Each structure stands twice: as structure tokens, then as C-alpha cells.
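Engineer: Please see the structure below; I have some questions.
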Amino acid sequence: MEESGRSESLRGSALVGAAGTAFLPVVAVVVAGAEAALPWWAVTGPAVLTAGLAGWAGVRISRRRDVRRAALEPGETVLGTYTVRPPYREHTPPAAHEGPQYQLVVTSLGLQLWERSALLWRHPWPELRVLVDGARLRVHHEGRETGHMLLEPPGAAQEVRRAAARHAAH
Numbered sequence: 003m004e005e006s007g008r009s010e011s012l013r014g015s016a017l018v019g020a021a022g023t024a025f026l027p028v029v030a031v032v033v034a035g036a037e038a039a040l041p042w043w044a045v046t047g048p049a050v051l052t053a054g055l056a057g058w059a060g061v062r063i064s065r066r067r068d069v070r071r072a073a074l075e076p077g078e079t080v081l082g083t084y085t086v087r088p089p090y091r092e093h094t095p096p097a098a099h100e101g102p103q104y105q106l107v108v109t110s111l112g113l114q115l116w117e118r119s120a121l122l123w124r125h126p127w128p129e130l131r132v133l134v135d136g137a138r139l140r141v142h143h144e145g146r147e148t149g150h151m152l153l154e155p156p157g158a159a160q161e162v163r164r165a166a167a168r169h170a171a172h
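In C-alpha cells form, the structure reads like this:
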């Protein structure tokens with residue numbers, strides 16, 4: 003019974019995400035068509051195509067949020083989410099509908115590194131040593147460097163370091 007309720011909740015969340023993401027682009031297409039004095043049948047095709055593509059992107063974004071929310075421990079709250087820039091310039095940026103490939107999630111209990119919907123690692127604050135090296139964040143766990151990353155937006159590494167200091171990471 004509980005699994006059925008969770009499945010319905012995820013489906014409802016996906017529908018809300020799809021509708022929310024598709025609404026403004028579809029309105030823009032319809033308004034542009036009306037301003038160009040196009041007949042309704044000439045606007046319908048682009049509006050439906052826009053709704054489908056934007057809705058698909060919205061479902062993906064919503065599912066990613068649901069997966070990340072489900073990974074939180076009871077009582078754990080997200081303090082911030084930061085995009086991790088690729089280490090090499092030759093990486094092609096992700097398509098806009100995919101969102102950033104890697105994200106560092108700072109929570110009240112520790113750090114989580116995500117590759118889209120896949121949790122790569124999570125470590126609690128007391129087990130971490132968090133250093134700032136210029137604009138880069140260096141994360142050590144059990145004496146080994148777990149992460150050496152450049153975060154967006156600028157200043158994010160210092161924000162993570164301050165959060166680590168507040169939550170008892172070294």
C-alpha cells in the first residue's frame with residue numbers, strides 16, 4: 003500500500019513538473035503566433051511540440067528532485083546545491099534540458115556528490131576535512147582526498163567551508 007502511495011506521489015510530482023516547465027514556453031509560442039496574426043491551426047503544431055519537449059524536460063527535472071529528496075535522512079535538510087564544473091575545458095556542456103552533470107549538495111548532516119540522479123558519495127560532517135584552495139574546494143574523508151572541485155557560482159567554495167565549520171567538520 004505504501005509503495006502505491008509513493009508511486010502516485012511521484013507521478014503527481016512529475017505531472018506538476020511537466021506542466022510547470024511547459025506553461026511559459028507554450029504561452030510564448032501562442033503569444034508570438036497571435037502577434038504575427040497566424041491562424042490557430044498554424045500555432046497549434048508548434049505549441050504542441052513545445053509543450054511536449056518542455057514537459058519532458060520538466061518530468062526529468064522533477065524525477066531528479068524526487069530521487070534526491072528520497073535520499074535525505076529523517077530530519078536532514080538541504081542547505082545548498084552547487085554545480086561542479088567539469089575539470090577539463092574540452093568537456094562539452096550538457097544540453098539545457100539535462101541540467102548540470104555534477105552537483106554538490108550541502109545538507110545539515112554532510113556532503114553529497116551527485117551525477118544527475120545517481121548519488122556518487124555522501125559523507126557526514128564529523129568525518130570530513132574541508133579546505134578551500136583559491137576558488138577550488140578540497141574534501142578529505144578518512145585521510146584521502148575525496149573531491150577537488152571548482153564550484154559555481156563564484157564564492158561557493160567559501161560558502162561550503164563556512165557550512166563545514168558550523169557543522170563540526172575540520
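Using the numbering used here, you'd call the opening residue of the sequence shown number 3 and step up by one each time.
Using N, Cα and C, we set each Cβ at its ideal position, and we do this for glycine too.
The structure displayed is predicted, hence computed values, not measured ones.
#1: Three or more C-beta pairs under 8 Å: does that hold for the region 26-36 against the region 70-87?
#2: Give me the DSSP bridge partner(s) of residue 85.
#3: For residue 132 and residue 166, I'd like the C-alpha separation in whole angstroms.
#4: Determine the direct distance from the alpha carbon of residue 51 to that of residue 72, and round the result to whole angstroms.
#5: State the beta-bridge partners of residue 160 as determined by DSSP.
#6: Can you give me the Cβ contacts of residue 117 inside the same chain, cut-off strictly under 8 Å, excluding the 5 residues immediately before and after it?
#7: Measure the beta-carbon distance from residue 200 to residue 75 and round it to whole angstroms, keeping in mind my assumption that it falls under 8 Å.
#8: In three-state DSSP terms, what is residue 4?
#9: So, with DSSP's three-state summary, where would you put residue 112?
#10: Considering only their Cβ atoms, is the gap separating residue 139 from residue 130 smaller than 8 Å?
#11: On the DSSP bridge list, what partners appear for residue 117?
#12: Determine whether the beta carbon atoms of residue 125 and residue 148 lie at a separation below 8 Å.
Structural biologist: Let me spell this out:
#1: no
#2: For the purposes of this step, residue 85 is taken as residue 83 along the sequence shown, with counting starting at 1. According to DSSP, residue 85 bridges with 105, 154.
#3: As a first step, residue 132 must be located in the sequence shown, where it is residue number 130. As a first step, residue 166 must be located in the sequence shown, where it is residue number 164. Approximately 7 Å between the Cα atoms of the pair.
#4: Along the sequence shown, one-based indexing puts residue 72 at 70. Along the sequence shown, one-based indexing puts residue 51 at 49. One alpha carbon belongs to residue 72, the other to residue 51, and they sit about 32 Å apart.
#5: Here residue 160 refers to the residue found at position 158 of the sequence shown. Paired residue(s): none; residue 160 is not in a bridge.
#6: The residue you call residue 117 lines up with position 115 of the sequence shown. The answer, listed in chain order, is 103, 104.
#7: Because the chain in this structure spans residues 3 to 172, residue 200 falls outside the shown range and cannot be described.
#8: As a first step, residue 4 must be located in the sequence shown, where it is residue number 2. Because residue 4 sits at a pLDDT of 49, beneath the cut-off of 50, its placement in the model cannot be relied upon, and the following sentence gives the value as read from the coordinates. If DSSP states are grouped into helix, strand and coil, residue 4 belongs with the helices.
#9: What you label residue 112 is simply residue 110 of the sequence shown in a count that begins at 1. Correct three-state label for residue 112: strand.
#10: Counting from one through the sequence shown, the residue named residue 130 turns up at place 128. Counting from one through the sequence shown, the residue named residue 139 turns up at place 137. Taking 8 Å as the Cβ cut-off, residue 130 and residue 139 do not qualify as a contacting pair.
#11: On the sequence shown, residue 117 is found 115 positions in, with the first residue counted as 1. DSSP, once it has assigned bridges, lists 104, 120 as partnering residue 117.
#12: Position 123 of the sequence shown, counting from 1, holds the residue named residue 125. Position 146 of the sequence shown, counting from 1, holds the residue named residue 148. Result yes, Cβ atoms of residue 125 and residue 148 sit closer than 8 Å.
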